[in-house]
Amino acid sequence: ARLEEFAYTEATAIAVVLLTISFVTLFAINLLERWSKRHHG
225 ARLEEFAYTE ATAIAVVLLT ISFVTLFAIN LLERWSKRHH G
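Numbers given in our numbering equal positions in the sequence shown, counted from 1, plus 224.
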């Protein structure tokens, strides 16, 4: 039971990290697009 609980916590942590990374990536792309529009538009 303890092993399963640990695996569940680990899987949740990995999912949260992946979600955070994807959100940060989207945000960075958005900022880059705005920046390039401002400088080249």
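Here a beta-carbon is modelled for each residue, glycine too, at the ideal position from N, C-alpha and C. Just so you know, these numbers come straight off a predicted model, no measurement behind them.
Handout entry: Inter-residue Cα distance where the pair is ILE238 and LEU256
Key = 27 Å
Practice task
Give the straight-line distance between the Cα atoms of LEU227 and VAL240, rounded to the nearest whole angstrom.
Solution key: Cα-Cα distance, rounded: 20 Å.
Exercise for the section: Return the chain-ordered list of same chain residues with a C-beta closer than 6 Å to the C-beta of ILE253, the five sequence neighbours on each side being excluded. Expected result: none
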